[in-house]
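**Student:**
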Amino acid sequence: MLEMITGKGHSNDSTNLTPREIVAQLDRYIVGQDDAKRAVAIAIRNRWRRQQLTNEMRVEIAPKNILMIGPTGVGKTEIARRLARLTGAPFIKVEATKYTEVGYYGRDVESMVRELVENAIGLVRESERANVEDEAKQRVEERLLDMIAPQPIYPGEDEDAEEAAKQYTRTREKMRAMLISGELDQRKVELSMEQKATPMVMGPMGMDSMDIDLQGMFEKIMPKNTVTRELTVTEARGVLFEQECDALLDPESINAAAIELAENLGIIFLDEIDKVVASGGNSADVSRQGVQRDLLPIVEGTSVQTKYGYIRTDHILFVAAGAFHRSEPSELMPELQGRFPIRVELQDLTKDDFVRILTEPNGALTKQYTALMDTEGVGLTFSADAIEALASHAFKVNQTTQNIGARRLYTIMERLLEELSFEAPDMQMGKVDVNAAYVNERLEEITDNEDLSKFIL
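Take the sequence shown: its position 102, counting from 1, is numbered 103 in our numbering, and each next residue is one higher.
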């Protein structure tokens, strides 16, 4: 399983991408921030390189964790999110502010590793499931036929019973043809399904806050109720397919493969790392330094118990990110700083960056709104001077109020097209050309009024 994910022995795999190819893929969605893209591209390629080595050397090579520093809205999270889709490796994004020091009420840092294992379980199951789909479909077909045309009980083995059996076989094959053609899709069948009772656990964290052994015990002892539901053949086919896939998969081998996959290729994106820097003298910050201390062994390498078995974190890649508005990376614990040797600073967005963000990426906002209006039969186009004006307004508001980076474009665009979005269903057909005059008419008063822009944009 690990070889399949890493691309070892496979010539066409997304994790086989070179750093240059990874950056090129990220460029399709994220403008600028070349240093950060190069850093994550090299880190991902090093995961692949490590898998090509001998076991003896592989154990010695530790991941070079990355700390991304920069204001909100400049692409830190987006880089991580796109990277996860690109690599297909186990990946989770967590907020450092969710965790508390051991002994305080809240989530412990080890839960992020358990979430990573759950993600890996999903990846392995999806891969293994593809191998059993054909057999599962055959089983589903036979079970549906058993429901639609149950086999009669013959009293003996005389000639009449033999003829009846042949007749049943002919009827069953006829029903099979009708089932395959879709003629029976709306017929009702009764299906028994197993429902697990949900344990009532005190506290908002529920099962996640319980000890792993206790979780497993609860899952085993909770009663399983069987309910019978009447479904159409189409609905039943989906339920039966899930049941048959589960029956054909080996949970033990999936769990073992998932743990190996998470250990060697797992990536944890730890956002808002700057929020666990204690500001000093504030009782609300009492747990922040403790969170750093608890994070340290996870990042250094330790064993974490999950309900699927123990997982080592030595070779999990950690990518941390933070704005560091009110603190500096140097205020993190020295030991924790040392575990993030690769540091990249992401730059504030300029007006030219906003122009590129509005036009270049595959999912640029202008393209999104054009597609949305097209569903109403309204043709929406943006002229070059309109893009310039939008970028200018976004940059100006970011400079005069809180700088929220590219997220400012969401508020700008919503304000710009508010009236059109409301009227579009009644326009039936039409064409709207957005130019600089259109933009300035709707945004100038707001962006020029600093106090007002704080509330609206």
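The beta carbon of each residue, even a glycine, is placed where N, CA and C say it ideally should be.
If you compare alpha carbons, which of E301, R357 and A407 is closest to A387?
**Tutor:** Here the closest residue by C-alpha is R357.
**Student:** Contact defined as beta carbons within less than 8 Å: I believe V32 pairs with L84. What is the distance between those atoms, to the nearest angstrom?
**Tutor:** About 16 Å separates the two Cβ atoms, so there is no contact after all.
**Student:** In this structure, does DSSP put K65 in helix, strand or coil?
**Tutor:** DSSP places K65 in coil when its eight states are reduced to three.
**Student:** Counting only the same chain and skipping the five closest in sequence on each side, list residues whose C-beta sits under 7 Å from that of A150.
**Tutor:** For A150, where only same-chain residues beyond five positions count, the Cβ hits under 7 Å are T172, R173 and M176.
**Student:** Please classify H326: is it buried, with 16 or more other beta-carbons within 10 angstroms of its beta-carbon, or exposed?
**Tutor:** Exposed, since its Cβ has fewer than 16 Cβ neighbours within 10 Å.
**Student:** T233 to V240, Cα distance in whole Å?
**Tutor:** Distance between the alpha carbons of T233 and V240 is about 11 Å.
**Student:** Are the CB atoms of V110 and I299 nearer to each other than 7 Å?
**Tutor:** Yes, these two residues count as a Cβ contact at 7 Å.
**Student:** Give me, in chain order, the residues of the same chain whose beta-carbon lies closer than 6 Å to that of S328; leave out the 5 immediate sequence neighbours on both sides.
**Tutor:** Same-chain partners within the cutoff: D275 and V278.
**Student:** If you measure between the beta carbons of K432 and A392, is that distance less than 7 Å?
**Tutor:** Not closer than 7 Å, so no.
**Student:** Would you kindly work out how many angstroms separate the C-alpha atoms of R115 and K99, rounded to a whole number?
**Tutor:** For R115 and K99, the distance between alpha carbons rounds to 15 Å.
**Student:** Could you tell me how far apart the beta carbons of E245 and R313 are, in whole angstroms, since I believe they sit closer than 8 Å?
**Tutor:** With a Cβ gap of about 34 Å, E245 and R313 do not count as contacting.
**Student:** My output table needs one value for N17: the three-state DSSP class, helix, strand or coil.
**Tutor:** DSSP places N17 in helix when its eight states are reduced to three.
**Student:** Between E57 and the rest of its own chain, which residues show a CB-CB distance below 8 Å, the 5 nearest in sequence each way excluded?
**Tutor:** Same-chain partners within the cutoff: there are none.
**Student:** Do you know offhand how far T360's Cα is from Q290's?
**Tutor:** Going by the C-alpha atoms only, they are around 43 Å apart.
**Student:** Buried or exposed: where does D247 fall if 16 or more other Cβ atoms within 10 Å of its Cβ makes it buried?
**Tutor:** Per the 10 Å Cβ criterion, exposed.
**Student:** Which residues in the same chain have their Cβ closer than 8 Å to the Cβ of Y370, if we skip the five residues on either side of it in sequence?
**Tutor:** Taken in chain order, the residues that qualify are L381, M414 and L418.
**Student:** By DSSP, does R126 sit in helix, in strand, or in coil?
**Tutor:** R126 falls in the helix class under three-state DSSP.
**Student:** According to DSSP, is I268 helix, strand or coil?
**Tutor:** I268 falls in the strand class under three-state DSSP.
**Student:** Provide the residue(s) that pair with F319 in DSSP beta bridges, ordered along the chain.
**Tutor:** Beta-bridge pairing links F319 to I269.
**Student:** Have a look at T73 and N404 and give me their C-alpha separation to the nearest angstrom.
**Tutor:** About 8 Å.
**Student:** Do you know whose CA, among E231, Q168 and L421, lies nearest L373's CA?
**Tutor:** If we check each option's Cα against that of L373, L421 comes out closest.
**Student:** Go ahead and label D272 buried or exposed: buried means 16 or more other beta carbons lie within 10 angstroms of its beta carbon, across all protein chains shown.
**Tutor:** So D272 counts as buried.
**Student:** Can you tell me the Cα-Cα spacing of S304 and A63, whole angstroms?
**Tutor:** Looking at the two C-alpha atoms, the distance is approximately 15 Å.
**Student:** Is it buried or exposed for R48, if we count other Cβ within 10 angstroms and need 16 for buried?
**Tutor:** So R48 counts as buried.
**Student:** Taking K94 as part of the alpha helix (DSSP H), name the residues at either end of that continuous run.
**Tutor:** It is not in any alpha helix (DSSP H) - K94 instead sits in the beta strand (DSSP E) that spans F92 to E96.
**Student:** Hey, how far is the Cα of R408 from the Cα of D186?
**Tutor:** C-alpha separation (whole angstroms): 47 Å.
**Student:** If L262 sits next to L124, beta carbons under 8 Å apart, how far is it from one beta carbon to the other, in whole angstroms?
**Tutor:** Yes, L262 and L124 are in contact; Cβ-Cβ is about 7 Å, under 8 Å.
**Student:** Does the Cβ of M113 have 16 or more other Cβ atoms within 10 Å, making it buried, or fewer, making it exposed?
**Tutor:** Per the 10 Å Cβ criterion, buried.
**Student:** With a 10 Å radius around its C-beta and 16 neighbouring C-beta atoms as the bar for buried, classify T88 as buried or exposed.
**Tutor:** Buried, since its Cβ has 16 or more Cβ neighbours within 10 Å.
**Student:** How big is the Cα-Cα spacing for N441 and S384?
**Tutor:** Straight-line Cα distance between these residues: approximately 13 Å.
**Student:** Compute the Euclidean distance between the alpha carbons of A121 and V228, then round it to the nearest angstrom.
**Tutor:** Between A121 and V228, the C-alpha separation is close to 31 Å.
**Student:** Assign D135 to one of two classes, buried (16 or more other C-beta atoms within 10 Å of its C-beta) or exposed (fewer than that).
**Tutor:** So D135 ends up on the exposed side.
**Student:** In terms of alpha-carbon separation, which member of E424, I447 and G378 lies closest to T402?
**Tutor:** Answer by Cα proximity: I447.
**Student:** Please state whether DSSP places Y311 in a helix, a strand or coil.
**Tutor:** Residue state, collapsed to three classes: strand.
**Student:** Here's the rule: buried if 16 or more other CB atoms are within 10 angstroms of the residue's CB, otherwise exposed. What is P91?
**Tutor:** With 16 or more Cβ atoms within 10 Å of its Cβ, P91 is classed as buried.
**Student:** Return the first residue and the last residue of the beta strand (DSSP E) that I388 is part of.
**Tutor:** Counting along the chain, I388 falls outside any beta strand (DSSP E), though it belongs to the alpha helix (DSSP H) covering A385 to T401.
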